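Q:
In the numbering used here, the protein residues as written are 4 to 133.
Encoded structure:
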């Protein structure tokens with residue numbers, strides 16, 4: 004049998020010379036001990052524009068705070084205080100393409116007009132009699 008052990012990784016991680024700045028902990032700064040699921044304004048600060056829970060690194064929370072926060076957000080969603088998702092308009096997409104446009108064919112479109120033609124029958128009177 005051949006030696007199939009994985010090579011041992013040696014050495015410390017490279018020092019790139021950059022100092023890593025720790026994200027400020029909002030909950031500790033505002034002295035919030037208990038995260039209440041009914042405090043929607045606080046919970047929305049830790050959610051993205053699409054209502055996703057932001058990660059611990061982005062929020063700057065401790066592990067325990069992030070767990071409590073996630074539980075509170077999930078409870079608020081269950082009680083319909085927060086949405087599960089929000090629809091965001093897709094930017095950068097063009098108009099829908101059909102199979103004719105995919106083949107490079109020209110498709111004629113009818114011009115759009117805001118005017119509506121109305122025909123009035125002058126044979127009837129206001130009383131509805133002919």
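Quick reminder that beta carbons are idealized off the backbone N, C-alpha and C, glycines included. None of the values given here were measured: they were computed from a predicted structure.
(1) Residue 75: buried (16+ other C-beta within 10 angstroms of its C-beta) or exposed?
(2) Using alpha carbons as the reference points, say which of 11, 46, 28 lies closest to residue 61.
(3) When we look at the beta-carbon of residue 93 and count the other beta-carbons within 10 Å, is it buried (16 or more) or exposed?
(4) Going by CA-CA distance only, name the one from 44, 8, 63, 34 that's closest to residue 165.
(5) Would you please state the rounded distance, in angstroms, between the beta carbons of residue 73 and residue 56? I believe it to be under 8 Å.
(6) Helix, strand or coil for residue 38, going by three-state DSSP, please let me know.
(7) Whole angstroms is fine: what's the gap from residue 33's alpha carbon to residue 45's?
(8) When you compare the CB positions of residue 54 and residue 86, do they come within less than 8 Å of one another, or not?
(9) If I'm right that residue 79 touches residue 40 with Cβ under 8 Å, what's the distance once you round it to whole angstroms?
A: Short version:
(1) It is buried - the Cβ of residue 75 has at least 16 other Cβ atoms within 10 Å.
(2) Comparing alpha-carbon positions, the option among 11, 46, 28 lying closest to residue 61 turns out to be 28.
(3) That one is exposed.
(4) Nothing can be reported for residue 165: it is not among the residues displayed for the chain, which extend from 4 to 133.
(5) Going by Cβ atoms, the distance from residue 73 to residue 56 rounds to 6 Å, so yes, they are a contact pair.
(6) Here residue 38 sits in coil by DSSP.
(7) Each residue's alpha carbon lies about 11 Å from the other.
(8) Yes; because the gap between Cβ atoms is below 8 Å, this pair is in contact.
(9) Between the beta-carbon of residue 79 and that of residue 40 there is about 4 Å, and that keeps the pair under the 8 Å contact cut.
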